[in-house]
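The next block holds one structure in the form of structure tokens; read it before the comments.
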Amino acid sequence: MDRKKFLKTCGVVLVGLPFASTLLTSCESIYYATSSIKNKSLIVPLSEFEISKKNTTIYRTFVLVKTPTEDFPICLYKTGANDYTAALMKCTHRGCELNVGGGIYSCPCHGSEFDTKGGVLEGPADQDLKTYKTTIQNENIYIELS
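The letter at position 107 of the sequence shown is residue 107 when you use full-length UniProt numbering, and the numbering goes up by one with no holes.
Encoded structure:
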């Protein structure tokens, strides 16, 4: 291979690599869970994380929940056996709706990244996401909105 062809191939790979990694890390589909509201809490059944296929149950890592008080959904993320975090999917940099996948929240507008607990991983955002307290009772997850 001559030098010109080598440099051209390397350039294409370097430009295409970030796009390929984005596609590969966001393979999990987006699912909006059903919820109800009571006493300033969103109630999401634990069963919303289950997917039954051919006598097998697999579990979602996260679900999105629409709220009556916010213009953006809340991502309810399963971080452990009985541990869930809830974060508003609104970037603290310029207010774009975040994408979720690969264990992070990412902003398609300017590239900010956040961990599943809402902490900033990569700027330009410099403030953590708005998060909500979660509790589990009677096969339901409660997201406290106040």
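Positions of the beta carbon are idealized from the N, C-alpha and C atoms, including for glycine.
Local conformation of residue i per DSSP, three classes
i, result
"T25", "Because the pLDDT of T25 is 43, which lies under 50, any placement of that residue in the model is unreliable, and the number read from its coordinates should be weighed accordingly. Helix."
"E97", "strand"
"S112", "coil"
"L129", "coil"
"F49", "helix"
Which listed residue (the options) has its alpha carbon closest to that of residue i
i, options, result
"G103", "R94, I51, E113", "E113"
"residue 147", "K53, Y132, K66, H110", "As shown, the chain starts at 1 and ends at 146. That puts residue 147 outside it, with no answer to give."
"I136", "L46, C75, S35", "L46"
Residue i to residue j span [Cα, whole Å]
i, j, result
"K78", "D2", "50 Å"
"G101", "C107", "11 Å"
"I141", "N82", "10 Å"
"T134", "L145", "10 Å"
"N99", "I30", "9 Å"
Taking 8 Å as the cut-off, does the region 119-129 touch the region 56-72 (at least 3 CB pairs, one atom from each stretch)?
With a cut-off of 8 Å, the region 119-129 and the region 56-72 do not count as touching, because too few Cβ pairs lie within range.
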